[in-house]
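Written below as C-alpha cells is the structure these notes are about.
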Amino acid sequence: MTQRIAIIGASGYTGAELIRLIATHPSFEIKALAANSKAGQTMAQVFPHLRHLDLPALVTWEEIDFDGIDLCFCALPHKTSQEVISKLPGHLKIVDLSADFRLRDPADYGKWYGNPHAAEEMQKEAVYGLTEFYRDDIRGARLVAGTGCNAATGQFALRPLISAGVIGLDDIILDLKCGVSGAGRSLKENLLHAELSEGTNAYAVGGTHRHLGEFDQEFSKLAGRDVRVQFTPHLLPMNRGILATAYVSGEADAVHDALTRAYADEPFLEVLPMGETPSTHHVRGSNFCHIGVTGDRIPGRAIVVAALDNLTKGSSGQAVQNANLMLGVDETAGLMLAPCFP
C-alpha cells in the first residue's frame, strides 16, 4: 500500500535528506513539497543533486491539499513549526523535526527556547521520537517530536547505562563534536568557509545549549531523580556527523555489557567490540549509530564514544523510522542503505 507523504520545509538540509531517503522507500510517495521562501521553484533548482527525481514543485504549505496526505514531515525552525502544525488538519499524522514538541513541560520550552509555547494542547499528545526507546508509543501517535541530533547521540551512549545502574549519575561529562550542517542552511557569518575552515571551537559553553533540556528531561525520568550532565559541544569544519565522548564512573566491562544487551536486537545501533571506538566516517549518510567503550587508566572510570550522522540518524532518518512505525510498515524500510565511505 502506498503512503502519501508531504514535507513542509523541503528547502532545508533535513528536508533534502528526507527526500533522499524516501526516494528509495518501498511504500512512501512524495505528493507535496512546501518551502514558502522558495515556492514556485523546482527541487532541481534548490538542490541540484535531486534533479533525477520526479518531484512535485515547491509550494507554500497553505496550498497543500492535506485530504490526500497520510503523513506530513515538518522540517521547519522552532517556533515556526508550532505555528504551522497547530493549523494542520486533525486527521493528519505528523513527524516534527524541530524542537517545538520535544519538551513535555511547556515551561521548559520557554526556558530553553526563549518564547512561550504556542500549542500547549498539542504538546499533550506529542510523543518523544527517540525510536528505540519509545517505539510502542510512537506506533499509536498522531504527533511525534523528533529529538535533537546532539541529544540523540548522547542518549544512545548513556540511556542503557543509567537504566542498568552501572554508572554514577553525578559526574557524567559529555564532550561532543558536530558537523556544520547541524546549524541548518541559513546564512550565518560564523559558518562562512573563511570563518570555519582550519579551526574548531566550543560553543554554548557552561550549560546553555538547548539540547540540555532533553538530557535533563530524559535522564531524570530514567533515573527517577534529578540528573544533570556536564555537556560541551564543539563545531568542527566537516559537513556531517557527530562524535560524542562520554566520561563516566563505572567499570568498563559492565558498561560495555549493558550497551551490548540493550542494543542486541536493534537494527541501527552497533556496539563495537570492547576497546574499539567509532568514527563519523563509518556512519556517514546512514541511519546507523556506532558505539564503542574503553576503560580508562584511572580505575573505575570508562569512556563511551558514539558516532552518528546528524542529518540521518540524528534527524531525517530517525523521522522516517518513526513514520514507518506510525504507518504500520517495516521500521527499517528505506533506511538500510550503507554508509558512504570515504
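Each residue of the sequence shown is one higher than the one before, starting from 3 at the first, in my numbering. Beta carbons are placed, not taken as given, at the ideal position from N, Cα and C, and that holds for glycine.
Item, Value
"Cβ contact check for the segment 290 to 303 and the segment 229 to 243: 3 or more pairs under 8 Å", "no"
"Close Cβ partners of Tyr15 (< 8 Å) along its chain, the five nearest in sequence each way excluded", "Ser183, Gly186, Arg187, Leu313"
"Residue environment, Asp56, which counts as buried when at least 16 other CB atoms sit within 10 Å", "exposed"
"Chain-order list of residues whose beta-carbon lies under 6 Å from that of Gly17 (same chain, five-residue window excluded)", "Ile9, Gly11, Ala77"
"Where Ser251 sits in the DSSP three-state scheme", "strand"
"Cβ neighbour criterion (16 or more within 10 Å) applied to Phe221", "buried"
"Cβ-Cβ distance between Glu197 and Arg104 below 9 Å", "no"
"Residue interval of the beta strand (DSSP E) (run including Phe290)", "Note, Phe290: premise wrong, no beta strand (DSSP E); not H, not E."
"Inter-residue Cα distance where the pair is Val250 and Ile174", "5 Å"
"Inter-stretch contact (C-beta, 8 Å, three-pair minimum) for the segment 245 to 262 and the segment 315 to 334", "no"
"Delimiting residues of the alpha helix (DSSP H) encompassing Asp110", "108 to 115"
"The segment 302 to 319 touching the segment 52 to 68, judged by at least three CB pairs closer than 8 Å", "no"
"Span separating the alpha-carbon of Gly42 from that of Val48", "11 Å"
"Contact under 9 Å by Cβ, Asp98 with Ala128", "yes"
"Three-state secondary structure (DSSP) of Cys74", "strand"
"Anticipated Cβ contact below 8 Å, Pro239 with Ser199, distance rounded", "5 Å"
"Which residues DSSP lists as bridging Gln5, in chain order", "Phe30"
"Residue ranges of each beta strand (DSSP E) within the segment 291 to 327, 3 or longer", "291 to 297, 303 to 310"
"beta-carbon His80 near the ligand GDP non-hydrogen atom, thresh 8 Å", "For the ligand GDP, the structure offers nothing, since it holds no ligand at all."
"Alpha-carbon to alpha-carbon, Gly150 and Ile86", "Checking the sequence, you will find Val at residue 86 rather than Ile. For Val86 and Gly150, the distance between alpha carbons rounds to 19 Å."
"Helix, strand or coil at Val86 [DSSP, three-state]", "helix"
"Residue range of the alpha helix (DSSP H) that includes Tyr15", "15 to 24"
"Limits of the unbroken beta strand (DSSP E) element including Val48", "Element bounds for Val48: not the beta strand (DSSP E) but the alpha helix (DSSP H), 45 to 48."
"Other residues of its chain near Pro343: CB distance less than 8 Å, five sequence neighbours each side excluded", "Residue 343 is actually Phe in this sequence, not Pro. Answer for Phe343: His283, His284, Arg286, listed in chain order."
"Lys126 burial status per 10 Å Cβ neighbour count (16 or more: buried)", "exposed"
"Beta-carbon proximity list for Ala67, same chain, < 8 Å, skipping 5 on both sides", "The sequence given here places Asp at residue 67; Ala does not occur at that position. These residues qualify, in order along the chain: Ala34."
"Which of helix, strand or coil DSSP assigns to Lys223", "helix"
"Start-to-end residues for the beta strand (DSSP E) that takes in Phe233", "232 to 237"
"Spatial neighbours of Ala325 in its chain, beta-carbon cut-off 6 Å, leaving aside the 5 residues before and after", "Leu73, Val97"
"Residues that Val273 bridges to, as DSSP identifies them", "Ile293"
"Rounded separation between Lys40 and Ala46 - CA only", "12 Å"
"Cβ separation of Gly252 and Ile169, assumed to be a contact under 8 Å, to the nearest whole Å", "4 Å"
"8 Å contact criterion, which Ala246 and Phe75 should meet: CB distance rounded", "Going by Cβ atoms, the distance from Ala246 to Phe75 rounds to 25 Å, so no, they are not a contact pair."
"Residue from Tyr136, Thr4, Glu31, Ala25 whose Cα sits closest to the Cα of Arg53", "Ala25"
"Beta bridge counterpart(s) of Ile175 as assigned by DSSP", "Gln232, Tyr249"
"Lys81 vs Asp102 beta-carbon contact at 9 Å", "yes"
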